[in-house]
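With the numbering used here applied, the sequence shown corresponds to residues 216 to 455, in that order. All residues carry an ideal CB built from backbone N, CA and C; glycine is no exception. This structure is a prediction, so every number in the text was calculated from the model and none was measured.
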Amino acid sequence: MKNYFYYLRTILFKFIFHLMPIKYLYAVIDILAIKESKNLFVGSTQISNNLKWDKKKIRFDVWDKFISEENFTNQQIQFLEFGVYKGESIKYFAKKLLNKDNIFIGYDTFVGLPTDWQSAKKGMFSTDGKFPETDDKRISFVKGIFQKTFNNSIIDKNIKTIIHFDADLYSSTLFILFKLHEILDEYYFIFDELEGEELRALKDYMKVYDIDLKISYYSKFNGLITVATGKIKKKNIFPQ
Ligand SMILES: C[S@@+](CC[C@H](N)C(=O)[O-])C[C@H]1O[C@@H](n2cnc3c(N)ncnc32)[C@H](O)[C@@H]1O
216 MKNYFYYLRT ILFKFIFHLM PIKYLYAVID ILAIKESKNL FVGSTQISNN
266 LKWDKKKIRF DVWDKFISEE NFTNQQIQFL EFGVYKGESI KYFAKKLLNK
316 DNIFIGYDTF VGLPTDWQSA KKGMFSTDGK FPETDDKRIS FVKGIFQKTF
366 NNSIIDKNIK TIIHFDADLY SSTLFILFKL HEILDEYYFI FDELEGEELR
416 ALKDYMKVYD IDLKISYYSK FNGLITVATG KIKKKNIFPQ
């Protein structure tokens, strides 16, 4: 009798899932992730809280604070960006991080998002395959989907590393978090939207691996955490 109950319940759930597009269910999961993530921000500093989109307050002020407080300006850094689009963020960081031996590598398909993302369609943020223009010889770009193009061997473990996660998608962000875990014991990060899919990816990564996560600075847009900076440090391979 009990088995019949579970069988019927499964059929009913499947029926409801067919009625409701899966992306709406993910929206509910994202809201739950935000609710559960408050403890991640204990001890972090909020830089701004905006109801209107304001690039300076939401992005640049947080980035600048992160750079100055960590004394990154003249240190040697390898800066990897996942999600480049027209290059606004990678060029901004290249202007602020001055060491001549710095390496800046930007990964993107350059033909836009590989899958739909919320209401945005696959292909959004395309530059028709073109790389951003720059005279800075320290910057290079890698074209293609990260899952095919990213190779851990590019990383020098002995240089301070900053990762800019700006791929929007859960799948892309989770892939990079797992790949970096194979090679780096610690690194600094910037998440462009630590709500929604990037937050869900980070939380799922933290379920698998035991890490120390310290969020240093963040900004809010419409009440939700947007840009967040900090550091990830590996602990044991699996949680006890
Ligand atoms: C929001 S845009 C990046 C914006 C950029 N960082 C800036 O501040 O101007 C997100 C980018 O991530 C890229 N992207 C997402 N997932 C990807 C993947 N798996 N492989 C390659 N590129 C990906 C998209 O092509 C898109 O250009």
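Inter-residue spacing [alpha-carbon to alpha-carbon] between residue i and residue j
{"i": "L428", "j": "F325", "result": "31 Å"}
{"i": "E285", "j": "F340", "result": "31 Å"}
{"i": "F436", "j": "F220", "result": "45 Å"}
{"i": "T349", "j": "I426", "result": "36 Å"}
{"i": "I320", "j": "R415", "result": "25 Å"}
{"i": "V299", "j": "F404", "result": "15 Å"}
{"i": "Y239", "j": "Q291", "result": "43 Å"}
{"i": "D245", "j": "G445", "result": "21 Å"}
{"i": "L234", "j": "N265", "result": "36 Å"}
{"i": "Q293", "j": "I305", "result": "12 Å"}
{"i": "I378", "j": "Y322", "result": "11 Å"}
{"i": "K280", "j": "L384", "result": "26 Å"}
{"i": "R224", "j": "I360", "result": "39 Å"}
{"i": "K363", "j": "V357", "result": "11 Å"}
Per-residue DSSP class, three states only, for residue i
{"i": "G445", "result": "strand"}
{"i": "F390", "result": "helix"}
{"i": "K363", "result": "helix"}
{"i": "I426", "result": "strand"}
{"i": "T225", "result": "helix"}
{"i": "S252", "result": "coil"}
{"i": "S431", "result": "strand"}
Beta bridge counterpart(s) of residue i as assigned by DSSP
{"i": "E401", "result": "K448"}
{"i": "I377", "result": "F294, Y403"}
{"i": "W332", "result": "A335"}
{"i": "N265", "result": "F436"}
{"i": "S355", "result": "I320"}
{"i": "S341", "result": "V326"}
Continuous alpha helix (DSSP H) stretch holding residue i: start and end
{"i": "F308", "result": "303-311"}
{"i": "I282", "result": "276-284"}
Element boundaries [beta strand (DSSP E), containing residue i]
{"i": "I320", "result": "318-323"}
is_contact[residue i, chain C] using C-beta, thresh 9 Å
{"i": "N264", "result": "As a matter of chain content, chain C is missing from the structure shown, which is built from one protein chain."}
For this session: Pair every Cβ in the region 264-274 with every Cβ in the region 309-317, then say whether three or more of these pairs are closer than 8 Å.
Result: no
Exercise. If you pair each beta-carbon of the region 344-364 with each one of the region 251-263, do three or more pairs fall below 8 Å?
Worked result: no
Exercise. For the region 388-400 against the region 363-371, are there 3 or more C-beta pairs whose distance is under 8 Å?
Worked result: Three or more beta-carbon pairs separated by less than 8 Å link the region 388-400 to the region 363-371, which places the two stretches in contact.
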